[in-house]
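Visitor:
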Ligand SMILES: NC(=O)c1ccc[n+]([C@@H]2O[C@H](COP(=O)([O-])OP(=O)(O)OC[C@H]3O[C@@H](n4cnc5c(N)ncnc54)[C@H](O)[C@@H]3O)[C@@H](O)[C@H]2O)c1
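Numbering (this note's numbering), first residue to last: 473 to 730.
What follows is the structure in structure tokens.
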């Protein structure tokens, strides 16, 4: 262990961190990295086998984790679970919200059914809002907290034929900006992250024309890796991220330079 103070700032020793979407892709990778830096990680997902595997990987490497199945688009269940976790663990140091799904792709906006539209917003935006509402009272009480909301380049630039996803992720970016100003005096930072295309299962059902469009926009000429995204998330969720809030971090291989 280093005595370097910068190292102490990225350490999660003694912390309790919630990672949603930990059953796959970016969330799974972030959960493992944050656990390796000392946190007890609560791995949340719809997908039981995914979070069981994530917890298994963490515990086999000497870390601490537990798995909880939750649909983040169920407001009551989100509120009840976070309250229970807060009282069981006595604290929640960071929320890393990676749960999400793209919904319809390759369809013009007027072709998308309202139920499909609504579901994408319920998961990617409302779920993020409810998780934030649930953790903030706990973080305010402890005068410390880090919230990481995984948005998307789609929320900054808009991808054609992905209207519900663009809407939800842009809403999330706006949500983060205002809430950050509300909680800045409470020792809490809340930031969004806007990845371009990352090599995870989320893209398996994406229409080929939409995926080709998104990849063609990346100057690095390749997809990002979940481990690359996990590094920036681990910074955003750590003590080190103390004076940046309301911001949308970029991880886009050069697609966005703002
Ligand atoms: N991979 C990309 O290209 C990319 C790009 C930009 C943004 N993102 C965002 O990154 C986040 C992580 O995506 P990923 O690439 O790791 O995808 P992934 O499909 O590998 O993982 C997403 C996880 O979220 C879970 N999930 C979905 N809906 C849920 C719900 N209602 N409640 C609880 N869990 C739910 C899924 O079961 C899955 O395990 C998402 O918010 C996604 O929108 C991904």
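The beta-carbon is built from N, C-alpha and C at its ideal position, and this holds for glycine as well.
Let me confirm a value: residue 586 is counted as buried when at least 16 other C-beta atoms fall within 10 Å, else exposed. Which label applies?
Guide: Here residue 586 corresponds to residue number 114 of the chain shown, with the count starting at 1. Per the 10 Å Cβ criterion, exposed.
Visitor: Could you tell me if the beta carbon of residue 639 falls within a distance shorter than 7 Å of some heavy atom in ligand 2?
Guide: Ligands displayed in this structure: ligand 1; ligand 2 is not among them.
Visitor: Using CA atoms only, rank isn't needed, just tell me which of 699, 657, 631 and 694 is closest to residue 681.
Guide: By 1-based counting over the chain shown, the position of residue 681 is 209. Closest by alpha carbon: 631.
Visitor: What's the C-alpha gap between residue 711 and residue 565?
Guide: The residue labelled residue 711 in the question sits at position 239 within the chain shown. The residue labelled residue 565 in the question sits at position 93 within the chain shown. Rounded to the nearest angstrom, the two C-alpha atoms are 9 Å apart.
Visitor: Ends of the alpha helix (DSSP H) at residue 713?
Guide: As a working mapping, residue 713 is identified with position 241 in the chain shown. Residue 713 -> no alpha helix (DSSP H), and no H or E assigned at all.
Visitor: Opposite residue 492 in the DSSP bridges: which residues?
Guide: Stepping through the chain shown from its first residue, residue 492 is reached at position 20. Paired residues: 516 and 569.
Visitor: Based on Cα-Cα distance, which residue from 619, 618, 639 and 620 lies nearest to residue 426?
Guide: Absent from the structure is residue 426, since the part of the chain shown begins at 473 and ends at 730.
Visitor: Using 7 Å as the cut-off, classify the Cβ of residue 597 as near or not near the heavy atoms of ligand 1, replying yes or no.
Guide: On the chain shown, residue 597 is found 125 positions in, with the first residue counted as 1. Outside the cutoff, so no.
Visitor: Can you tell me which residues form a DSSP beta bridge with residue 621?
Guide: Locating residue 621 in the chain shown gives position 149, where the first residue counts as 1. 569 and 664.
Visitor: Buried or exposed for residue 693, please, with buried defined as at least 16 other CB atoms from any protein chain shown within 10 angstroms of its CB.
Guide: If you number the chain shown from 1, residue 693 lands on position 221. Exposed: under 16 other Cβ atoms inside 10 Å.
Visitor: Where in the stretch 494 to 557 do unbroken runs of the beta strand (DSSP E), each at least 3 residues long, occur, reported from the N-terminal end onward?
Guide: Whole beta strand (DSSP E) segments, 3+ residues: 512 to 517 and 536 to 541.
Visitor: Spell out a yes or no on whether the stretch 548 to 559 and the stretch 518 to 531 are touching, meaning 3 or more CB-CB pairs, one atom from each, closer than 8 Å.
Guide: They do not touch, by the three-pair rule.
Visitor: Between which two residues does the alpha helix (DSSP H) harbouring residue 647 extend?
Guide: The residue you call residue 647 lines up with position 175 of the chain shown. It spans 635 to 655 - the alpha helix (DSSP H) in which residue 647 sits, taken as one unbroken run.
Visitor: Rounded to the nearest angstrom, what separates residue 588 and residue 598 at their Cα positions?
Guide: Numbered from 1 along the chain shown, position 116 holds the residue referred to as residue 588. Numbered from 1 along the chain shown, position 126 holds the residue referred to as residue 598. Cα to Cα, residue 588 sits roughly 14 Å from residue 598.
Visitor: Less than 7 Å between the CB of residue 636 and some heavy atom of ligand 1, yes or no?
Guide: As a working mapping, residue 636 is identified with position 164 in the chain shown. Incorrect: residue 636 has no Cβ contact closer than 7 Å to ligand 1.
Visitor: To the nearest angstrom, report how far apart residue 508 and residue 723 are at their CA atoms.
Guide: In the chain shown, counting from the first residue as 1, residue 508 sits at position 36. In the chain shown, counting from the first residue as 1, residue 723 sits at position 251. For residue 508 and residue 723, the distance between alpha carbons rounds to 22 Å.
Visitor: How would you write the range of the beta strand (DSSP E) that residue 588 sits in, first residue to last?
Guide: In the chain shown, counting from the first residue as 1, residue 588 sits at position 116. Counting along the chain, residue 588 falls outside any beta strand (DSSP E), though it belongs to the alpha helix (DSSP H) covering 586 to 593.
Visitor: Is residue 696 near residue 670, with beta carbons less than 8 Å apart?
Guide: Against the chain shown, residue 696 aligns to sequence position 224. Against the chain shown, residue 670 aligns to sequence position 198. Yes, they are a contact pair.
Visitor: How would you call residue 484, buried or exposed, if buried means at least 16 neighbouring beta carbons within 10 angstroms?
Guide: Your numbering for residue 484 matches position 12 in the chain shown. Flag for residue 484 reads buried.
Visitor: If I measure Cβ to Cβ from residue 510 and keep anything under 6 Å in the same chain, skipping five residues before and after, which residues do I get?
Guide: Taking the first residue of the chain shown as 1, we reach residue 510 at position 38. Cβ neighbours of residue 510 beyond the five flanking positions: 483, 484 and 485.
Visitor: Please determine whether the Cβ atom of residue 690 lies at a distance below 7 Å from any heavy atom of ligand 1.
Guide: Within the chain shown, numbered from 1, the residue matching residue 690 stands at position 218. The answer is no for residue 690.
Visitor: Could you check where the beta strand (DSSP E) with residue 658 kicks off and where it finishes?
Guide: To locate residue 658, count along the chain shown from 1; it is residue 186. No beta strand (DSSP E) holds residue 658; DSSP gives it neither H nor E.
Visitor: Could you tell me which of 646, 499, 573 and 655 sits nearest to residue 611, measuring between CA atoms?
Guide: Here residue 611 is taken as the residue at index 139 of the chain shown, counted from 1. Checked all of 646, 499, 573 and 655; the closest Cα to residue 611 is 655.
Visitor: Please work out which residues of its chain come closer than 7 Å, Cβ to Cβ, to residue 553, disregarding the five sequence neighbours upstream and downstream, and give them in chain order.
Guide: Within the chain shown, residue 553 is the residue found at index 81, counting from 1. Cβ neighbours of residue 553 beyond the five flanking positions: 540 and 542.
Visitor: Buried or exposed for residue 651, please, with buried defined as at least 16 other CB atoms from any protein chain shown within 10 angstroms of its CB.
Guide: Position 179 of the chain shown, counted from the start, is the residue given in the question as residue 651. With 16 or more other Cβ atoms within 10 Å, it is buried.
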